[in-house]
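>
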Amino acid sequence: MATLPSIVLRTIAMQLVDDLKDNALCKKAVSVLCSLRLTCRELAQMGLIKTVLFSSINLYATKNNMLRVEQTDFSAIGPSIRQINFFPSPYFYNLKFSDFKKMLDLHNAQITDSNLCERCSARLVRNNFQETCDGRYPLSRDEILMRYQSYMERACEDKHSAIDGWLAKVWVKMLRFSQYVDTIKLCPASQATSQMPYPLVQVDCGECHTCCENVGLIDAMAGGSGDCLLTAVYGALASSLPIKNLSIECELMDATTANWRALRWRTAILEQVEPLIIKELPYGMRGHSDDSARDVKASVLVSDALWEVRKTVQHIILLRRSWPMAPRRSDLLPFFGYNGEFPCLRFLDLKSFYLWTSYFTSFIASCAALQTLSLEKCKIAGPDGEWKAFFDSVRERPRALHLTFYGMGSKDGPWDFNSGLGRNAGDGVSTSDSAAGLQKSLFLYLSRLAGWDTVLEDRFSETW
């Protein structure tokens, strides 16, 4: 291969790069490209191959992955890296024995689960057939206990590598050669299935009910691992170049002792961020009492991040899986006192928030560039809380606002329409279910084409 003319080598590389666009050929093409880089110096130095192979890389918060990173020469591939996906350890250090046994049971049960979609079932049968035929299941309690002890040893190793700073130091050295990285993503544990000793879902799992349930179970078990991941990534980014895209999607511990509560974002890290995504927000204290002091402490991480990105951020996504038990002060903190501070914000997506009317409407009114507002399963709260006040703030905006509501009880999907389009806009409603009449009344009100009628009053007199 090394003796072939350069034009032939380039042709081979181009063909393999084209194969990456075909899902059926992608995996094989990547494998061949990686092999060619190791066997042919000219291909190893080809920028095109480096770009397609290393523009996005995955790093895991594990001791083993740390050692691999230490042994890798990033001076050759670092300039090609644009996005780094950080994954928590697949070994959950706070996993109870009962949960570990449940994990083993689910791992084994998938092979005979009739609820699995055909794609997931076929893949799981293929992957687990040998293990099952060897008679490794069912296991005795002593065998399960031995596996649990081995599992926890790995988990504790990974935990200490993250919180003691060793992992961050290794990542810092790698980032020094990756000066063009502009996207950082902290991924949930459910997306690290290829690294798990007892996977419950596959990387390209289908949409069957069992897989969806198992994804939620994995992320719920992995709170501590996500906590360690954020701590390690924060330590690595503290001395890196500014980033433009930040996504925090790992599950974090909902406890007052969690390490991430002491973190404070440094301005230089986030001053150029345009989209900010934080899923499974670590505040709201689901299931706890109405201790507002604890909620305030829990929201500092998010509030600090919002404050640091305020001048450049264009898209903010803040999501929670469920509401806190009752409205509380932490729900207004991300927007309290920020009026006029987000000049570039064009898209705002919120899920499972209590919207404190006076603060939220003032914030929305101050975002002159805002084009799209998406609210999923949000409720109005506060002593002056009523939906009409919120709709009035949208109605008075000088520019049209694309407004989307999820969780309105509509069977055919979200409420999705534009406000303020004028009399030539048609009905402005994108859905046509049984609630279309109510949607149209709301659209006409927001567009100043009709008043607040009894239909709207009856529907929005109570919170959702």
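Note that the sequence shown ends on residue 482 in my numbering; no numbers are left out.
Just so you know, even glycine gets a beta-carbon here, dropped at the ideal spot from N, CA and C.
1. Between F408, P206, S208, which has its C-alpha nearest T375's C-alpha?
2. Would you mind working out which of S243, T249, V35, Q209 sits nearest V233, comparing C-alpha positions?
3. List the residues that DSSP assigns as beta-bridge partners of Y372.
4. Residues in the same chain with beta-carbon distance under 6 Å from L124, minus the five sequence neighbours each way, listed in chain order, please.
5. Classify I162 as helix, strand or coil using the three-state DSSP reduction.
6. Helix, strand or coil: how does DSSP classify L467 here?
7. Starting from F110, follow the alpha helix (DSSP H) in both directions and report where the run begins and ends.
8. Exposed or buried, what is K177 when buried is set at 16 or more other beta-carbons lying within 10 Å of its beta-carbon?
9. In this structure, does DSSP put N41 in helix, strand or coil?
10. Taking 9 Å as the cut-off, decide whether the C-beta atoms of S503 and I181 are in contact.
11. Using a threshold of 9 Å, state whether the C-beta atoms of F461 and F423 are closer than that.
12. For I102 versus S196, is the C-beta spacing smaller than 9 Å?
13. Is Y111 near the ligand MN, in the sense that its beta carbon is under 8 Å from a heavy atom of that ligand?
14. Would a C-beta distance cut-off of 9 Å place D117 and M214 closer than the cut-off?
15. For chain B, is any of its Cβ atoms less than 9 Å away from the one on V50?
16. As an exercise, report each continuous alpha helix (DSSP H) stretch of at least 4 residues that is fully enclosed by the stretch 35-103, in chain order.
17. Would a C-beta distance cut-off of 9 Å place L474 and L456 closer than the cut-off?
18. Does the distance from the CB of P293 to the CB of C205 come in under 9 Å?
19. Expressed to the nearest angstrom, what Euclidean distance is found between the alpha-carbon atoms of L66 and S321?
20. Please go through the same chain and pick out, in chain order, the residues whose beta-carbon is closer than 7 Å to the beta-carbon of Y109, but skip the five residues on each side of it.
21. Report the three-state DSSP secondary structure of D322 (helix, strand or coil).
22. From what residue to what residue does the alpha helix (DSSP H) around T249 run?
23. Kindly indicate which residue of C268, F72, V327 has the alpha-carbon position closest to the one of A250.
24. Are there 16 or more other CB atoms within 10 angstroms of the CB of E326, so buried, or fewer, so exposed?
25. Comparing C-alpha positions only, which one of N263, P97, D237, V26 sits nearest to M121?
26. Which partner residues of F365 appear in the DSSP bridge assignment?
27. On the three-state DSSP scale, how would you describe K191?
28. Going by C-alpha to C-alpha distance, which of L235, I287, G241 sits closest to A254?
29. What do you reckon, are the CB atoms on L61 and A31 nearer than 9 Å?
30. Between the Cα of Y216 and those of C362, K119, L247, D160, spot the shortest distance and give me the residue it belongs to.
31. State yes or no: is the C-beta of L366 within less than 9 Å of the C-beta of C396?
32. At what residues does the beta strand (DSSP E) containing T201 begin and finish?
33. Which first and last residues belong to the alpha helix (DSSP H) in which S360 is found?
34. Alpha carbon to alpha carbon, what distance is there between F92 and P37?
35. I need the straight-line Cα distance from L259 to G96, nearest angstrom please.
On the basis of the supplied data:
1. The residue you call residue 375 lines up with position 357 of the sequence shown. When only C-alpha atoms are compared, the closest one is F408.
2. As a working mapping, residue 233 is identified with position 215 in the sequence shown. Comparing Cα-Cα distances from V233 to each of S243, T249, V35, Q209, the minimum goes to Q209.
3. Position 354 of the sequence shown holds residue 372. In the DSSP assignment, the residues bridged to Y372 are K397.
4. Locating residue 124 in the sequence shown gives position 106, where the first residue counts as 1. Excluding the 5 residues flanking it on each side, L124 has same chain C-beta neighbours closer than 6 Å at L218, in chain order.
5. To locate residue 162, count along the sequence shown from 1; it is residue 144. Looking at I162 - three-state DSSP - the assignment turns out to be helix.
6. Locating residue 467 in the sequence shown gives position 449, counting from the first residue. Coil at L467, not helix or strand.
7. Position 92 of the sequence shown, counting from 1, holds the residue named residue 110. Careful: F110 lies outside any alpha helix (DSSP H) and carries neither H nor E.
8. Walking along the sequence shown from the start, residue 177 turns up at place 159. By the C-beta density criterion, K177 is buried, having at least 16 other C-beta atoms within 10 angstroms.
9. Numbered from 1 along the sequence shown, position 23 holds the residue referred to as residue 41. In the three-state reduction of the DSSP assignment, N41 falls in the helix class, which pools H, G and I.
10. Because the chain in this structure spans residues 19 to 482, residue 503 falls outside the shown range and cannot be described.
11. As a first step, residue 461 is located in the sequence shown; it is residue number 443 there, counting from the start. As a first step, residue 423 is located in the sequence shown; it is residue number 405 there, counting from the start. Contact: no.
12. For the purposes of this step, residue 102 is taken as residue 84 along the sequence shown, with counting starting at 1. For the purposes of this step, residue 196 is taken as residue 178 along the sequence shown, with counting starting at 1. Yes, these two residues count as a Cβ contact at 9 Å.
13. The ligand MN is absent from the structure shown, which contains no ligand whatsoever.
14. Residue numbering aside, residue 117 sits at position 99 when the sequence shown is read from its first letter. Residue numbering aside, residue 214 sits at position 196 when the sequence shown is read from its first letter. For D117 and M214, no; Cβs fall outside 9 Å.
15. Structure shown: chain B not included; a single protein chain is present.
16. Those alpha helix (DSSP H) runs which fall completely within the stretch 35-103 and span 4+ residues are 41-57, 59-62, 65-72, 81-88, 92-95.
17. Within the sequence shown, residue 474 is the residue found at index 456, counting from 1. Within the sequence shown, residue 456 is the residue found at index 438, counting from 1. In this structure, L456 lies closer than 9 Å to L474 by Cβ.
18. As a working mapping, residue 293 is identified with position 275 in the sequence shown. As a working mapping, residue 205 is identified with position 187 in the sequence shown. Taking the C-beta atoms as reference points, C205 is found no nearer than 9 Å to P293.
19. Mapped onto the sequence shown, residue 66 falls at position 48. Mapped onto the sequence shown, residue 321 falls at position 303. Cα to Cα, the separation comes out at about 40 Å.
20. Locating residue 109 in the sequence shown gives position 91, counting from the first residue. Closer than 7 Å at Cβ, skipping near neighbours: Y169, R172, A173, D176.
21. The sequence position of residue 322 within the sequence shown is 304, counting from 1. Reduced to three states, the DSSP call for D322 is helix.
22. Within the sequence shown, numbered from 1, the residue matching residue 249 stands at position 231. It spans 241-255 - the alpha helix (DSSP H) in which T249 sits, taken as one unbroken run.
23. Within the sequence shown, residue 250 is the residue found at index 232, counting from 1. Answer by Cα proximity: C268.
24. Here the question's residue 326 lines up with position 308 in the sequence shown. Flag for E326 reads buried.
25. Here the question's residue 121 lines up with position 103 in the sequence shown. Comparing Cα-Cα distances from M121 to each of N263, P97, D237, V26, the minimum goes to D237.
26. Translated into the one-based positions of the sequence shown, residue 365 becomes position 347. F365 pairs with H333, T390.
27. As a first step, residue 191 must be located in the sequence shown, where it is residue number 173. Correct three-state label for K191: helix.
28. Working through the sequence shown from its first residue, we reach residue 254 at position 236. When only C-alpha atoms are compared, the closest one is I287.
29. What you label residue 61 is simply residue 43 of the sequence shown in a count that begins at 1. What you label residue 31 is simply residue 13 of the sequence shown in a count that begins at 1. It is a contact, given that the beta carbons lie within the stated cut-off.
30. As a first step, residue 216 must be located in the sequence shown, where it is residue number 198. Looking at the Cα atoms, K119 is the closest of the given residues.
31. As a position in the sequence shown, residue 366 is number 348, starting the count at 1. As a position in the sequence shown, residue 396 is number 378, starting the count at 1. No; because the gap between Cβ atoms is not below 9 Å, this pair is not in contact.
32. Reading the sequence shown from its first residue, position 183 is the one you call residue 201. For T201, the enclosing beta strand (DSSP E) stretches over residues 201-204.
33. Counting from 1 along the sequence shown, the entry for residue 360 is found at position 342. One point to set straight first is that residue 360 is Phe, not Ser, in the sequence displayed. That residue, F360, is in no alpha helix (DSSP H); it is neither H nor E in DSSP.
34. For the purposes of this step, residue 37 is taken as the residue at position 19 of the sequence shown. For the purposes of this step, residue 92 is taken as the residue at position 74 of the sequence shown. Note that residue 37 is Asp in the sequence shown, not Pro. So the two alpha carbons sit approximately 26 Å from each other.
35. Stepping through the sequence shown from its first residue, residue 259 is reached at position 241. Stepping through the sequence shown from its first residue, residue 96 is reached at position 78. Looking at the two C-alpha atoms, the distance is approximately 13 Å.
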